[in-house]
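What follows is a set of notes on a single structure, which appears directly below.
Residue numbers (mature numbering (1 follows the signal peptide of the UniProt record, and there is no 0)): -26 to -1, 1 to 211.
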């Protein structure tokens, strides 16, 4: 059973929890002497792990909407955006991407969240874990947002995300990325029956309905650059 299946409530009221989770983690980090490079972008998912779209859920369906400039962590809900091909063949990935994916999955399967630490990077190259800003130790942050004390639930989510199909975005540009799961870039209303089954290994049917209202998949997603850098692992919008 998906690690996500036990997470309740779904989307309602989570916006305030998102803000409080980020604030409480920052305060705890400061009090414990934790330090780290602040990320330019980020949001902390609430304890329920399900991000709230915030604002008017129908606004995302406006063709005039665009993702924040330069923000590759947020879904692009513009109607004119081409739908990328969905890929499952990991052997088609560049070798550095295959290697990072394998290392992340091995770390997740180990149950030891500290095994992610050497994969996160440092400074401006540190993996983005939140959409609204994160100070402090990223591993402690992952423990904080996990439903258990050791961070094993968040490891299970990372594993399920990386086992899904992926999309290759912005090929040939300086924003080129490989993103898991592919739901990040595929309109939810266009999913086939088989793809919905794949989606429901990560979220529930109720969450799917809520996300369709919002206009995009906003549960956890992760990305790796062509040179094997783990770019982000975030939820929310």
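In this text, a Cβ means the ideal position worked out from N, Cα and C, and glycines have one as well.
May I ask you to report which of helix, strand or coil DSSP gives residue 67?
-> coil
Per DSSP, what kind of secondary structure is residue 166 in: helix, strand or coil?
-> coil
Residue nearest to residue 206 in terms of C-alpha spacing, selected from 121, 174, 178, 106 | 106
If we ignore side chains and look at the alpha-carbon of each, how far apart do residue 127 and residue 209 end up?
-> Roughly 14 Å between the two C-alpha positions.
What is the rounded straight-line gap between the Cα of residue 112 and the Cα of residue 78?
-> 15 Å
So the beta strand (DSSP E) residue 196 belongs to, where does it begin and stop?
-> 195 to 198
Cα-Cα separation, residue 161 to residue 81 | 31 Å
The beta strand (DSSP E) spanning residue 205 covers which residue range?
-> 204 to 208
Distance between beta carbons of residue 195 and residue 153, contact taken as under 8 Å | 6 Å
Output yes or no for whether 9 Å exceeds the beta carbon distance between residue 140 and residue 46.
-> no
Who are the Cβ neighbours of residue 70 in its own chain at under 6 Å, not counting the five residues just before and after it?
-> 201, 202
Considering only C-alpha positions, which residue in the set 56, 95, 116, 62 is nearest to residue 104?
-> 116
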